[in-house]
């Protein structure tokens, strides 16, 4: 685990920030929380912090992951189902974030407030990712969501 703090986010509400410089590839967080089987979109949407693990299996993340915001220019990705890793070097004071699309397969969407030049404005499940972004994130997308994307794009 790395040193971090929770503070006000420029993206949304509160966020998690690095208390030290972190090198690309380092494990930053381990996803922990209550696992649930959710099949209905209304069930998934009723708990906004849910992170998808595989088909119909979701986890309501514990602190500090429940404070991770979305970004279209993320600095975290996933390795396996539960590890959040740095996908680029992260500077002390930088907010940790990940692209919510890599852990979501339902017909879900949200408005994005990340403010990056490459912001997609509306964030949806993995099937909606442009292929160029999918390929960029590929090493950091859980296997189940890779399969969902590949099936939906005939890859």
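In our numbering, the protein residues as written are 1133 to 1287.
For every residue, glycine included, the Cβ atom is placed at its ideal position computed from N, Cα and C.
Since this is a predicted model, take the numbers as computed values, not measurements.
Determine the direct distance from the alpha carbon of residue 1201 to that of residue 1144, and round the result to whole angstroms.
-> 7 Å
What are the residues that DSSP puts in a beta bridge with residue 1150?
-> 1136
For residue 1203, the nearest candidate out of 1135, 1137, 1148 and 1267 (CA to CA) | 1148
Given residue 1155 as reference, the closest of 1242, 1141 and 1135 once Cα atoms are compared = 1135
Roughly how many angstroms separate the alpha carbons of residue 1219 and residue 1210, rounded to a whole number?
-> Spanning the two alpha carbons is a distance of roughly 9 Å.
Taking 8 Å as the cut-off, decide whether the C-beta atoms of residue 1248 and residue 1263 are in contact.
-> no
How about residue 1234 and residue 1269: are their beta carbons less than 8 Å apart?
-> The beta carbons of residue 1234 and residue 1269 sit closer together than 8 Å.
Between 1272, 1133, 1168 and 1280, which lies nearest to residue 1212 when the distance is taken from Cα to Cα?
-> For the residues 1272, 1133, 1168 and 1280, the minimum Cα distance to residue 1212 belongs to 1272.
Closest residue to residue 1238 among 1280, 1150, 1215 and 1224 (Cα-Cα distance) | 1280
How should residue 1139 be labelled, buried or exposed, when 16 other C-beta atoms within 10 angstroms of its C-beta is the threshold for buried?
-> exposed
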